[in-house]
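In the working numbering, the protein residues as written are 19 to 148.
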């Protein structure tokens with residue numbers, strides 16, 4: 019149960035490398051459960067832009083062939099993740115591809131140009147609302 023102490027600092031929860039394997043309904047239930055359990059929460063998770071799922075057979079063929087896993091979840095930035103469950107607000111959508119190197123930076127910029135500024139792969143940072 020969530021603490022009633024208004025002075026309680028937020029709890030940072032991190033989901034790295036798992037969101038893309040969860041159904042949207044599961045992500046929504048996870049966010050709802052976290053919101054119910056923590057009075058003040060911040061949530062960070064890496065995710066793909068929804069356009070990446072449209073081409074997942076091409077982009078994620080190796081993952082599926084080697085592990086049997088399939089990418090099933092993607093959304094449009096921190097706004098998209100926060101919108102899945104009441105009580106969450108987007109803080110920031112952070113580009114995690116560009117810092118890796120020039121090829122990844124070019125891929126990220128190309129995707130942004132084609133899809134109205136949306137990042138292909140990003141870190142979503144959201145916070146619970148009171």
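Where is the CB? At the ideal position from N, CA and C, for every residue including glycine.
Query                                                                                                                                                                                       : Result
Please state the DSSP three-state secondary structure of residue 104.                                                                                                                       : coil
Given that a residue counts as buried once 16 or more other Cβ atoms are within 10 Å of its Cβ, and exposed if not, what is residue 52?                                                     : buried
Hey, out of 148, 147, 119 and 142, whose CA is closest to residue 62's CA?                                                                                                                  : 142
Counting along the chain, where does the alpha helix (DSSP H) carrying residue 83 start and finish?                                                                                         : 79-85
Could you give the residue range of the beta strand (DSSP E) that holds residue 116?                                                                                                        : No beta strand (DSSP E) contains residue 116, which DSSP labels as neither H nor E.
Give every residue of the same chain whose Cβ lies closer than 6 Å to the Cβ of residue 33, excluding the five residues on either side of it in the sequence, and list them in chain order. : 63
For my contact list, residue 137 and residue 113 are in at a C-beta cut-off of 8 Å; report their separation, rounded to the angstrom.                                                       : 5 Å
If contacts are defined as beta-carbon pairs under 8 Å, then residue 28 and residue 59 qualify, I think. What distance do you get, rounded to the angstrom?                                 : 6 Å
Per DSSP, what kind of secondary structure is residue 45 in: helix, strand or coil?                                                                                                         : helix
If I follow the unbroken alpha helix (DSSP H) through residue 68, where does it start and stop?                                                                                             : 68-72
Could you give the distance in angstroms between the alpha-carbon of residue 37 and the alpha-carbon of residue 48?                                                                         : 10 Å
Measuring straight from C-alpha to C-alpha, what distance separates residue 81 and residue 56?                                                                                              : 34 Å
Less than 8 Å separating the beta-carbons of residue 69 and residue 140?                                                                                                                    : no
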